[in-house]
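Okay, structure first, notes after.
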Amino acid sequence: MDKRDFDVLNRYGGSWLARHLIPMLPTVYRNSEVAIYNISSVSFPQLNSNAALVAPFDGSIDPIEGWLYAYDILSLGEYNYTTVYDLDHKALTYDTVILSFDPPSNNILEKCFNDDFSSELGWKPVSGTWQYVSDGLQAGRQGEYHDAVILSPISAQNFTASLSFKPLEGDTKVANYVSIIFDWEDEKNYKYAGLLFDSNGVIYAYVSSCADGKVTNYPPWPGLSTGLKWQFGNSYNLTVSVIGRNVSLYVDGTKYLSTETAINGGQLGVRSTRFYKIVFTSFKADTLTLLRLRDVSDYLDYVEGGGRLIILNTNGYGYFAERMLARDNSTIEAYEVSGSPESVALPAKVTVPALSPKAEGMKAIANYKSQSGFSAYTVREKVGSGEIVYVNLYPIIETIKQTQEKATFYSLLGKLLQPAEVRLEPFKYVPPTLTATFKEVEMSGKVRVNTSSVLFPIKVDFENVKVVDNNGKTSSIFNVTGLQLFNYGNISISSSNLTLSEGGGFYSKLKFKDDAIITFEDSPASIVLITKDGNTIRFDDVKSIIIGNSDQIELYAREPTITVQGSAFFKELYSSGTIYQTTRAQGQDLKINGTIALKVYLSDIYSWASSFDASGRFERTPPPLLYDEFASLPQAVFWSIILAPIFLTILFIINRDKRR
227 MDKRDFDVLN
237 RYGGSWLARH
247 LIPMLPTVYR
257 NSEVAIYNIS
267 SVSFPQLNSN
277 AALVAPFDGS
287 IDPIEGWLYA
297 YDILSLGEYN
307 YTTVYDLDHK
317 ALTYDTVILS
327 FDPPSNNILE
337 KCFNDDFSSE
347 LGWKPVSGTW
357 QYVSDGLQAG
367 RQGEYHDAVI
377 LSPISAQNFT
387 ASLSFKPLEG
397 DTKVANYVSI
407 IFDWEDEKNY
417 KYAGLLFDSN
427 GVIYAYVSSC
437 ADGKVTNYPP
447 WPGLSTGLKW
457 QFGNSYNLTV
467 SVIGRNVSLY
477 VDGTKYLSTE
487 TAINGGQLGV
497 RSTRFYKIVF
507 TSFKADTLTL
517 LRLRDVSDYL
527 DYVEGGGRLI
537 ILNTNGYGYF
547 AERMLARDNS
557 TIEAYEVSGS
567 PESVALPAKV
577 TVPALSPKAE
587 GMKAIANYKS
597 QSGFSAYTVR
607 EKVGSGEIVY
617 VNLYPIIETI
627 KQTQEKATFY
637 SLLGKLLQPA
647 EVRLEPFKYV
657 PPTLTATFKE
667 VEMSGKVRVN
677 TSSVLFPIKV
687 DFENVKVVDN
697 NGKTSSIFNV
707 TGLQLFNYGN
717 ISISSSNLTL
727 SEGGGFYSKL
737 KFKDDAIITF
747 EDSPASIVLI
757 TKDGNTIRFD
767 DVKSIIIGNS
777 DQIELYAREP
787 TITVQGSAFF
797 KELYSSGTIY
807 QTTRAQGQDL
817 KINGTIALKV
827 YLSDIYSWAS
837 SFDASGRFER
847 TPPPLLYDEF
857 ASLPQAVFWS
867 IILAPIFLTI
877 LFIINRDKRR
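According to my numbering, the sequence shown is numbered sequentially starting from 227.
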């Protein structure tokens with residue numbers, strides 16, 4: 227990989243390649259311009275398998291996305307598996323379910339995040355200049371006003387966040403600001419509570435909300451006077467506590483302000499405005515967040531019925547750890563994972579809490595091994611007709627995150643399930659039939675989507691949802707902020723406008739600009755709606771729902787089949803096989819007016835179609851260059867007339883010279 231390419235990847239904080247994979251890869255060769263990495267033979271998820279890796283649909287369970295290590299472990303181990311989101315109603319229909327996280331009890335996530343800014347812990351700059359210095363995290367630029375925003379790796383609905391900082395340089399003729407950001411969605415939607423340092427040396431407190439770029443302040447600017455004086459070089463502590471709708475602000479331990487606002491549970495962060503130079507010395511947040519995860523009882527019912535549940539605790543110790551593991555206050559320094567018949571040596575010592583099976587009927591089938599003793603690595607519990615296998619990977623993953631030599635663990639990842647006796651099938655590649663690839667498609671007309679699974683984003687904003695039951699009764703629910711579907715068969719979605727782009731693996735992202743009608747074809751469904759005022763409403767025996775919204779309606783569908791009677795505009799379409807004979811598209815944009823039918827196999831930045839058919843009128847941009855053997859004839863005749871006398875003259879001269 228060229229250094230230029232690596233720098234481009236690092237511009238995007240969400241890049242899995244730059245953020246997760248490349249730091250772990252063993253380096254074969256490196257100089258100032260290029261690096262060569264060694265990537266082992268791997269398997270990859272397939273659409274159909276007896277084993278499913280379950281990922282959390284609510285990513286706030288682990289903003290650092292530790293569950294990505296579960297993919298690494300299965301792929302480097304060359305196992306056969308598919309992937310599915312936990313909220314997919316078909317997630318527990320597989321023979322073996324591999325849960326890539328240990329869900330917290332009652333789906334309530336409690337976390338303590340403590341950062342003294344001595345090293346980078348996943349903060350992401352949004353604006354301004356940020357740099358780590360010996361005293362902490364510094365924001366600002368000499369002699370310049372600027373707005374510096376940086377986001378922490380945590381999100382929360384209920385929290386207490388404490389920020390210590392020291393203003394060092396700035397313009398004392400204007401107001402300067404420091405605040406704690408919370409409920410961050412994007413640069414136009416977030417909330418913040420902070421302090422204004424005015425030109426008279428007085429500190430004011432305020433709570434602000436930015437909605438669609440419009441800011442409202444409480445109290446009105448400049449805020450509430452704390453009576454506190456400030457000057458450069460002094461240290462201050464700002465604490466913000468959010469419980470339910472209540473927001474409280476403290477300065478150096480004293481409460482000054484309290485108000486109420488709706489909280490959705492976005493990211494926390496830090497903001498500095500106008501200061502030329504300010505150093506943040508610590509940030510601590512105790513958080514409490516209700517997650518949108520599948521209920522633990524569903525997994526237990528699955529196991530009772532004969533299912534096999536494997537838990538990879540990439541995120542730490544949750545409900546199943548409490549159920550299956552006994553813990554004392556000691557730790558061991560493990561150098562090996564010992565099992566029967568396989569054992570795996572660890573490339574570095576791993577600190578592991580001393581764990582053992584919690585009850586009779588639970589058995590340790592592999593252990594961390596140290597000079598001083600053992601700690602449970604894998605514990606098996608028989609439940610009903612099935613079993614739970616708990617694999618304690620968290621100590622290894624934490625070691626990988628903290629070490630500077632991540633590549634030493636790369637080859638280990640594929641071996642970590644060998645001592646655990648998980649009995650997964652080896653990878654069997656079944657090549658899918660792929661007929662077309664495209665970056666995006668916009669469709670209009672009579673649009674119909676058929677799929678077996680639909681997921682709505684964790685947070686939605688629907689003006690009106692009409693619920694039609696099996697008897698034809700219609701109920702209208704307004705200001706819907708959450709929507710989840712259960713217990714259904716196949717689904718059809720009808721609309722007049724659809725855009726497909728940037729999906730999530732086997733789940734394509736569908737964006738409807740007009741109302742969408744969702745019909746449950748095989749059997750009635752159950753749905754749960756959450757409204758803006760916090761009410762939860764459940765409907766059973768539902769035949770269809772109609773979503774009305776002035777803004778875009780977004781959802782995810784697994785392997786959708788889409789038919790359109792109207793028009794479709796494909797961006798960067800690459801086609802093959804028989805459809806290429808029709809479209810003649812190899813990277814061009816293509817507009818089709820007529821009938822289009824396609825089935826999406828996989829979707830990411832680009833989408834892959836396993837079937838594609840189209841008829842009608844085709845417009846390509848740029849148009850294809852087709853060879854026409856007669857098109858150049860007039861030009862050839864023209865130049866022949868011009869050049870023929872010249873050639874004849876040259877031949878005449880050559881022949882004359884030869885005769886002499």
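Even glycine gets a Cβ: it sits at the ideal position worked out from N, Cα and C. None of the values given here were measured: they were computed from a predicted structure.
query: Beta strand (DSSP E) segment containing residue 550, residue limits; result: Segment 545-550 is the alpha helix (DSSP H) holding residue 550; no beta strand (DSSP E) there.
query: N- and C-terminal bounds of the beta strand (DSSP E) containing residue 670; result: 666-677
query: Supposed contact pair residue 772 and residue 805 - C-beta distance, whole angstroms, cut 8 Å; result: The Cβ separation is near 34 Å, so there is no contact.
query: Closest residue to residue 492 among 255, 846 and 513 (Cα-Cα distance); result: 513
query: Counted within 10 angstroms of its Cβ, other Cβ atoms place residue 533 as buried (16 or more) or exposed; result: buried
query: Cutoff 8 Å; reference residue 768; Cβ partners in own chain excluding five residues on either side; result: 693, 694, 695, 696, 746, 750, 751, 752 and 753
query: Where residue 227 sits in the DSSP three-state scheme; result: coil
query: Buried versus exposed, by CB contacts within 10 Å (16 or more), residue 499; result: buried
query: Candidates 780, 766 and 758, of which the one nearest residue 738 by Cα; result: 780
query: Whole runs of the beta strand (DSSP E) within the stretch 714-763, excluding any shorter than 3 residues; result: 717-727, 733-738, 742-746 and 751-757
query: Length of the line joining the Cα atoms of residue 559 and residue 565; result: 17 Å
query: For residue 680, three-class secondary structure by DSSP; result: strand
query: Run of the beta strand (DSSP E) containing residue 394, from where it starts to where it stops; result: 384-395
query: Opposing strand residues paired with residue 588 [DSSP bridges]; result: 607
query: Sub-8 Å separation of residue 434 and residue 442 beta-carbons; result: yes
query: Residue 824: first and last residue of the uninterrupted beta strand (DSSP E) it sits in; result: 812-829
query: Backbone secondary structure at residue 621 - three-state DSSP; result: helix
query: Whole-angstrom distance between residue 445 and residue 501, CA atom to CA atom; result: 22 Å
query: Whether residue 495 touches residue 377 by CB criterion (8 Å); result: yes
query: Option nearest residue 613 by Cα separation, candidates 544, 346 and 528; result: 528
query: Residue range of the unbroken alpha helix (DSSP H) whose run includes residue 889; result: Residue 889 lies beyond the stretch modelled for the chain, which goes from 227 to 886, so this question has no answer here.
query: Residue 653 beta carbon less than 8 Å from that of residue 295; result: no
query: Residue of 349, 657, 260 and 413 minimising C-alpha distance to residue 245; result: 349
query: Of the residues 358, 384 and 410, the one placed nearest residue 334, counting alpha carbons only; result: 384
query: Per-residue burial, residue 288 [other beta carbons within 10 Å of its own, 16 or more giving buried]; result: buried
query: Own chain residues within Cβ distance below 6 Å of residue 517, not counting five before or after; result: 284, 287, 333 and 335
query: Nearest candidate by alpha-carbon position, reference residue 732, set 272, 228, 243 and 248; result: 272
query: Residue 254, enclosing beta strand (DSSP E) - first and last residue; result: 253-256
query: Simplified DSSP assignment, three categories, for residue 264; result: coil
query: Contacting residues, own chain, Cβ-Cβ under 8 Å from residue 364 (five flanking each side not counted); result: 356, 357, 358, 503, 504, 505 and 506
query: Residue 264 and residue 252 closer than 8 Å at C-beta; result: yes
query: Beta-carbon proximity list for residue 621, same chain, < 6 Å, skipping 5 on both sides; result: 576 and 578
query: 6 Å Cβ shell around residue 786 - same chain, five flanking residues per side excluded; result: 675, 677, 734 and 826
query: Neighbourhood of residue 844 by C-beta, 7 Å cutoff - its chain only, sequence neighbours within 5 removed; result: 809, 816 and 818
query: N-terminal and C-terminal residue of the beta strand (DSSP E) that residue 419 is part of; result: 415-423
query: Beta strand (DSSP E) runs contained entirely in the stretch 433-492, provided each spans 3 or more residues; result: 440-444, 450-455, 462-469, 472-477 and 480-486
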